[in-house]
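Student: Numbering (our numbering), first residue to last: 23 to 434.
All C-beta atoms in this analysis are idealised placements derived from N, C-alpha and C, irrespective of residue type, glycine included.
Pasting a structure below so you can have a look.
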Ligand SMILES: C[S@@+](CC[C@H](N)C(=O)[O-])C[C@H]1O[C@@H](n2cnc3c(N)ncnc32)[C@H](O)[C@@H]1O
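Below, the structure written as structure tokens:
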């Protein structure tokens with residue numbers, strides 16, 4: 023059981039050197055917060071070895087790299103976003119002893135360093151245990167873990183899936199320390215944790231962050247709570263969702279507006295659902311156009327797992343390719359006939375136009391000249407102008423009180 027109220031020295035790790043890259047960077051966005059620092063301080067106070075620590079939701083690597091910098095090796099890490107995975111790898115490569123081969127930066131798994139006293143030329147050199155390894159939300163992430171550090175996720179469903187996984191797979195005496203910014207924390211989060219742990223103890227707030235300590239995992243039902251599944255007969259679709267997926271197994275109102283005009287989207291050979299979430303748009307298009315080659319891609323592992331389950335549930339598993347990627351970076355330029363786009367308008371907890379702009383720019387890159395991007399967005403956002411600038415002529419196809427659908431044609 024970790025000690026609390028630890029008064030030791032905060033590790034001399036320079037958090038300010040962390041970058042968010044390749045995620046959106048801006049003067050008002052930084053690569054760590056006070057919660058990361060509190061989590062690191064508590065973890066070091068427990069004295070638990072690195073190979074018994076799992077870190078979940080480490081946005082850009084702050085927790086992992088501060089712990090490895092303090093000599094904790096063999097940490098296991100799960101980050102939902104591929105942008106976070108790449109940022110951790112880049113930060114590790116840039117920040118010295120915990121660095122790793124930047125060629126491994128693009129790899130989604132097995133990142134980690136040789137944090138040894140000497141280098142390969144040192145006669146006493148023996149490859150050390152990697153400083154950290156990356157995992158999906160899977161048993162290997164948590165098996166034998168006695169301490170799990172968690173940056174609280176945005177949604178209760180995501181928290182429920184994580185808390186269940188920790189109680190299900192970590193050591194029987196595991197402690198989960200979850201932290202967040204006070205303004206985003208709710209009592210409902212404690213209730214979710216209490217469904218999986220015997221005791222849930224919120225700590226005093228510090229620097230506008232708070233930790234909650236959940237101890238003594240409960241026995242979980244045999245059937246994990248996710249993925250969930252819902253039928254949508256009005257669209258002829260079944261959707262499946264893991265905890266972290268946008269809109270769960272439901273259909274968001276913006277998505278509904280785009281689905282409502284899907285019949286007008288031209289018949290095409292190469293189609294990309296960019297930021298696919300649970301895959302509603304990709305699945306609906308593929309069902310309507312059996313000849314199309316459809317790729318659904320998202321930067322969230324929970325979205326990708328959900329979209330794969332959705333394709334399976336709709337008999338599309340062999341027709342729709344689902345990829346974990348940042349803004350379609352691994353797809354060829356100028357090859358898509360149609361892009362379907364329901365871009366995000368949040369970066370973390372804040373509304374930020376940059377989130378959507380990144381996918382608009384990506385759509386422009388992916389489309390062939392004359393290809394079309396069909397976009398749905400919250401009407402108060404200035405995306406129409408951004409689409410015209412990045413892609414080409416843009417017309418409004420539908421508008422509801424909240425949402426606008428546009429069609430933009432890629433200029434040659
Ligand atoms: C508003 S949701 C739309 C989901 C789905 N297309 C729908 O209509 O239900 C936006 C999606 O974009 C994804 N996303 C955000 N930034 C991304 C990026 N840089 N690369 C890929 N996907 C991204 C999010 O993870 C989220 O699933």
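Roughly how many angstroms separate the alpha carbons of residue 278 and residue 256, rounded to a whole number?
Tutor: Taking the first residue of the chain shown as position 1, residue 278 is located at position 256. Taking the first residue of the chain shown as position 1, residue 256 is located at position 234. Whole-angstrom Cα-Cα distance: 10 Å.
Student: Give the list of continuous beta strand (DSSP E) stretches no shorter than 3 residues that lie fully inside the segment 314-341.
Tutor: Listed in chain order, they are 315-320.
Student: DSSP state of residue 221, grouped into three classes?
Tutor: As a position in the chain shown, residue 221 is number 199, starting the count at 1. Three-state DSSP puts residue 221 in a strand.
Student: Just the Cα atoms here: how many angstroms apart are residue 114 and residue 100?
Tutor: Position 92 of the chain shown, counted from the start, is the residue given in the question as residue 114. Position 78 of the chain shown, counted from the start, is the residue given in the question as residue 100. Roughly 15 Å separates the two Cα atoms.
Student: Please report how far the alpha carbon of residue 346 lies from the alpha carbon of residue 204, in whole angstroms.
Tutor: Taking the first residue of the chain shown as 1, we reach residue 346 at position 324. Taking the first residue of the chain shown as 1, we reach residue 204 at position 182. Rounded to whole angstroms, residue 346 to residue 204 spans 31 Å at the Cα level.
Student: Note down, in chain order, each residue of its chain lying with its Cβ closer than 7 Å to the Cβ of residue 380, except the 5 sequence neighbours on either side.
Tutor: In the chain shown, the residue the question calls residue 380 occupies position 358. Excluding positions up to five away in sequence, the list reads 46 and 349.
Student: CA-CA distance, residue 319 and residue 430?
Tutor: As a working note, residue 319 is residue 297 in the chain shown. As a working note, residue 430 is residue 408 in the chain shown. Between residue 319 and residue 430, the C-alpha separation is close to 20 Å.
Student: Determine the direct distance from the alpha carbon of residue 168 to that of residue 192, and round the result to whole angstroms.
Tutor: Your numbering for residue 192 matches position 170 in the chain shown. Your numbering for residue 168 matches position 146 in the chain shown. Roughly 7 Å between the two C-alpha positions.
Student: Bridge partners for residue 345 per DSSP, in chain order?
Tutor: As a working mapping, residue 345 is identified with position 323 in the chain shown. DSSP lists 319 as partners of residue 345.
Student: Would you call the CB atoms of residue 225 and residue 80 closer than 9 Å?
Tutor: Stepping through the chain shown from its first residue, residue 225 is reached at position 203. Stepping through the chain shown from its first residue, residue 80 is reached at position 58. No.
Student: Could you tell me which whole beta strand (DSSP E) segments of length 3 or greater appear in the segment 35-62?
Tutor: Counting whole runs of 3 or more residues, the segment 35-62 contains no beta strand (DSSP E) stretch at all.
Student: Give the list of continuous alpha helix (DSSP H) stretches no shorter than 4 residues that lie fully inside the segment 239-283.
Tutor: Segments of the alpha helix (DSSP H) lying fully in the segment 239-283: 275-282.
Student: Do you know how far the Cα of residue 266 is from the Cα of residue 394?
Tutor: By 1-based counting over the chain shown, the position of residue 394 is 372. By 1-based counting over the chain shown, the position of residue 266 is 244. Computed Cα separation, rounded: 29 Å.
Student: Just to check my reading of the structure: residue 306 and residue 298 have Cβ atoms closer than 8 Å, yes? What is that Cβ distance to the nearest angstrom?
Tutor: Numbered from 1 along the chain shown, position 284 holds the residue referred to as residue 306. Numbered from 1 along the chain shown, position 276 holds the residue referred to as residue 298. Actually they are not in contact, since the Cβ atoms of residue 306 and residue 298 sit about 11 Å apart, beyond 8 Å.
Student: Rounded to a whole number of angstroms, what is the C-alpha to C-alpha distance between residue 54 and residue 42?
Tutor: One-based indexing of the chain shown puts residue 54 at position 32. One-based indexing of the chain shown puts residue 42 at position 20. The alpha-carbon atoms of residue 54 and residue 42 are separated by roughly 9 Å.
Student: Would you say residue 381 touches ligand 1, meaning its beta carbon is less than 8 Å from a heavy atom?
Tutor: Counting from 1 along the chain shown, the entry for residue 381 is found at position 359. The answer is yes for residue 381.
Student: Give a single yes or no on whether residue 404 has its beta carbon closer than 8 Å to a heavy atom of ligand 1.
Tutor: Along the chain shown, read from residue 1 onward, the residue named residue 404 stands at position 382. Residue 404 Cβ: outside cutoff for every heavy atom of ligand 1.
Student: Restricting to Cα atoms, I'd like to know which of 194, 159 and 112 is closest to residue 187.
Tutor: As a working mapping, residue 187 is identified with position 165 in the chain shown. That would be 159, whose Cα lies nearest to the Cα of residue 187.
Student: How many angstroms separate the CA atom of residue 412 from the CA atom of residue 330?
Tutor: Position 390 of the chain shown holds residue 412. Position 308 of the chain shown holds residue 330. The straight-line gap from Cα to Cα measures roughly 30 Å.
Student: As a quick exercise: from 424, 390 and 415, pick the residue whose alpha carbon is nearest that of residue 398.
Tutor: For the purposes of this step, residue 398 is taken as the residue at position 376 of the chain shown. Taking only the C-alpha atoms, the option nearest residue 398 is 424.
Student: If you measure from the CB of residue 273, is any heavy atom of ligand 3 nearer than 8 Å?
Tutor: By its list of ligands, the structure shown excludes ligand 3, since it contains just ligand 1.
Student: Looking at residue 199 and residue 233, is the spacing between their C-beta atoms short of 9 Å?
Tutor: Numbered from its first residue, the chain shown carries residue 233 at position 211. Numbered from its first residue, the chain shown carries residue 199 at position 177. Closer than 9 Å, so yes.
Student: Does DSSP put residue 420 in a helix, a strand or coil?
Tutor: The residue labelled residue 420 in the question sits at position 398 within the chain shown. Residue 420: strand per DSSP, three-state reduction.
Student: Pick out whichever of 108, 37 and 90 has its Cα sitting closest to the Cα of residue 351.
Tutor: Counting from one through the chain shown, the residue named residue 351 turns up at place 329. When only C-alpha atoms are compared, the closest one is 108.
Student: Which full runs of the beta strand (DSSP E) of 3+ residues lie inside the segment 161-237, going along the chain?
Tutor: Runs of the beta strand (DSSP E) inside the segment 161-237: 169-173, 197-203 and 219-224.
Student: Mapping the DSSP letters down to three states, classify residue 407 as helix, strand or coil.
Tutor: The residue given as residue 407 occupies position 385 in the chain shown. Three-state DSSP puts residue 407 in a helix.
Student: What number of angstroms, rounded off, separates the C-alpha of residue 283 from the C-alpha of residue 261?
Tutor: By one-based count along the chain shown, residue 283 stands at place 261. By one-based count along the chain shown, residue 261 stands at place 239. Approximately 19 Å, taken between the alpha carbons.
Student: Could you tell me if residue 321 is buried or exposed, where buried requires 16 or more neighbouring beta carbons within 10 angstroms of its beta carbon?
Tutor: Walking along the chain shown from the start, residue 321 turns up at place 299. Burial call: buried.
Student: Have a look at residue 69 and residue 48 and give me their C-alpha separation to the nearest angstrom.
Tutor: What you label residue 69 is simply residue 47 of the chain shown in a count that begins at 1. What you label residue 48 is simply residue 26 of the chain shown in a count that begins at 1. Rounded to whole angstroms, residue 69 to residue 48 spans 36 Å at the Cα level.
Student: What three-state label does DSSP hand residue 359 in the structure shown?
Tutor: Locating residue 359 in the chain shown gives position 337, counting from the first residue. Strand at residue 359.
Student: Leaving out the 5 sequence neighbours to the left and right, which residues in its chain are closer than 7 Å to residue 189 when beta-carbon positions are compared?
Tutor: Residue numbering aside, residue 189 sits at position 167 when the chain shown is read from its first letter. Counting only Cβ-Cβ distances below 7 Å, and skipping sequence neighbours, we find 218, 219, 239, 240 and 242.
Student: Among residues of its own chain, excluding the 5 on either side of residue 421, which ones have a beta-carbon nearer than 8 Å to its beta-carbon?
Tutor: As a first step, residue 421 must be located in the chain shown, where it is residue number 399. Answer for residue 421: 401 and 427, listed in chain order.
Student: Is the beta carbon of residue 268 within less than 8 Å of some heavy atom of ligand 1?
Tutor: Within the chain shown, the letter at position 246 stands for residue 268. Yes, ligand 1 has a heavy atom inside 8 Å of this Cβ.
Student: Shortest alpha-carbon distance to residue 247 belongs to which of 230, 71 and 271?
Tutor: Position 225 of the chain shown, counted from the first residue, corresponds to residue 247. Nearest C-alpha to residue 247: 271.
Student: Would you mind reading off the limits of the beta strand (DSSP E) that contains residue 75?
Tutor: Stepping through the chain shown from its first residue, residue 75 is reached at position 53. Start and end: 75-78.
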